[in-house]
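Only one structure is covered here, and it is reproduced in the block below.
Residue numbers (UniProt numbering): 1 to 327.
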């Protein structure tokens with residue numbers, strides 16, 4: 001039986017055309033130049049950066065966008081810290097309630113034992129079995145010589161607190177033993193998902209999210225970016241006389257225009273941007289900026305990161321989509 005190249009169902013694997021027709025599985029597609037932002041585009045709003053600034057790792061953004069991002073992160077950090085503080089207060093309040101309940105049980109059992117109503121077998125204090133503190137005389141709790149009676153309030157408070165904790169733990173263990181093993185979906189206290197959410201402060205500092213490897217970001221570390229602009233050359237067409245000339249960023253040394261394939265370097269001291277080759281040939285050797293003459297060191301030169309072009313190997317990016325089969 002003859003088969004068609006795009007309608008083959010007799011093979012043990014799918015052809016490329018059949019994979020394109022499927023709605024499930026993992027699909028990959030290489031992103032082209034249109035899917036990548038320009039070298040001077042903000043990584044937050046994806047538009048040409050207005051009043052651009054740069055982080056210490058070379059990610060460019062609008063000044064307004066990065067300020068809003070840092071402010072939003074700080075508000076989120078404060079919200080998480082407030083949730084953690086509320087949870088700590090709630091835990092302390094619950095622990096205090098348990099200790100008060102244990103203290104009330106201890107007093108009730110003491111009164112019943114004095115009246116001869118309560119037996120030792122039904123006492124919660126007997127089930128708790130707190131460890132009796134040793135007397136500071138001998139290792140076995142006995143002293144060879146008699147000593148004067150001293151009332152140590154701190155020791156009594158410690159023994160009382162330990163007894164309350166033991167009784168509260170015994171009450172909790174007793175409640176767990178009475179609880180059924182199998183979960184109950186119609187009783188709220190016995191549902192499997194009946195667990196309190198524990199809040200943790202995930203972020204402690206504002207971070208730059210331009211790449212997968214996030215790093216710390218602050219207003220002090222931002223570098224103002226200063227591109228040298230020049231008018232673009234026209235081809236001499238008839239339409240070029242009526243259209244307004246456009247400005248584009250160029251290298252101040254070699255006067256070549258910047259593109260996504262150009263590797264750029266920025267100086268922390270002044271914020272001027274150069275191409276990588278000119279920066280290594282002139283700026284690093286002379287130790288100063290070729291535009292304003294500001295002194296700079298090798299560690300103050302930051303390589304700006306870009307997404308590259310869709311045809312270069314370094315800027316290759318893929319979009320993945322995954323769908324579960326038969327759902």
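Ideal placement from N, C-alpha and C gives every residue a C-beta, glycine not left out.
Under the 8 Å Cβ criterion, the stretch 299-306 counts as touching the stretch 263-279, having at least three qualifying pairs. Per DSSP, the unbroken alpha helix (DSSP H) holding residue 113 starts and ends at 63-115. Its chain contains 62 and 65 as the residues whose beta carbon lies nearer than 7 Å to that of residue 45, once the 5 sequence neighbours on both sides are disregarded; these appear in chain order. Residue 49 carries a coil assignment under DSSP once its states are collapsed to helix, strand and coil. Remark: fewer than three beta-carbon pairs, one from each stretch, lie closer than 8 Å, so the stretch 245-259 and the stretch 81-96 are not flagged as touching.
In the DSSP assignment, the residues bridged to residue 224 are 53. Counting only runs of at least 4 residues, the stretch 244-268 fully encloses no alpha helix (DSSP H) element at all. Closest in alpha carbon position to residue 321, among 13, 19 and 14, is 19.
Between the C-alpha atoms of residue 58 and residue 306 there is a straight-line separation of about 9 Å.
DSSP places residue 33 within a helical segment (H, G or I) once states are collapsed to three. DSSP places residue 294 outside any alpha helix (DSSP H), giving it a letter other than H or E. Counting the other Cβ atoms within 10 Å of the Cβ of residue 72 gives fewer than 16, which makes it exposed. Residue 301 is bridged by DSSP to 267. Between the stretch 245-252 and the stretch 212-221, the count of Cβ pairs shorter than 8 Å is below three; the stretches do not touch.
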